[in-house]
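Novice: Numbering (the working numbering), first residue to last: 2 to 105.
My questions all concern the structure below.
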């Protein structure tokens with residue numbers, strides 16, 4: 002059975018997703034396949050971004066969609082603190098220049 006990049010056991014072992022942020026906004030970096038596995042590709046908005054096999058989920062809506070689907074899939078309650086490592090991208094993150102999200 003396929004699964005997401007970081008299972009709850011991975012998170013407990015210290016392997017985490019990256020949360021990028023700049024002076025005004027933030028995005029959770031996930032593999033696009035994680036969205037497929039959680040069956041939420043169609044629920045992500047164009048306020049998020051894609052580059053290659055990565056999706057960058059904006060913090061106001063799409064991040065919550067991911068967290069809810071993750072919790073539903075694994076039956077565990079997770080928070081940003083135990084899910085992510087923060088990455089400060091400077092005043093203006095390069096993510097803002099990526100292509101707006103689209104489902105494959």
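Glycine included, each C-beta is placed from N, C-alpha and C at the ideal position.
Got a sec? Which residues, its chain only, sit under 7 Å from residue 32 by beta carbon, not counting five neighbours each side?
Specialist: Excluding positions up to five away in sequence, the list reads 6, 54 and 55.
Novice: Take residue 72 and list the residues in its own chain whose beta-carbon comes closer than 7 Å to its own, dropping the five residues that flank it on each side.
Specialist: These residues qualify, in order along the chain: 78 and 79.
Novice: Measuring only the C-alpha atoms, how far is residue 58 from residue 29?
Specialist: About 5 Å.
Novice: What residue does the alpha helix (DSSP H) around residue 83 start on, and which one ends it?
Specialist: Here the alpha helix (DSSP H) through residue 83 covers 81-84.
Novice: Would the beta-carbon of residue 42 fall within 8 Å of that of residue 62?
Specialist: No, Cβ-Cβ distance for residue 42 and residue 62 is not below 8 Å.
Novice: Return the CA-CA distance between residue 66 and residue 93, expressed in angstroms with no decimal places.
Specialist: Cα to Cα, the separation comes out at about 25 Å.
Novice: Let me know if residue 101 comes out buried or exposed under the rule of 16 or more other beta-carbons within 10 Å of its beta-carbon.
Specialist: Result: exposed.
Novice: Which of the three DSSP states, helix, strand or coil, is assigned to residue 101?
Specialist: Note: residue 101 maps to strand in three-state DSSP.
Novice: Candidates 21, 22 and 82: which alpha carbon is nearest residue 15's?
Specialist: Selected option, being the one with the closest Cα: 82.
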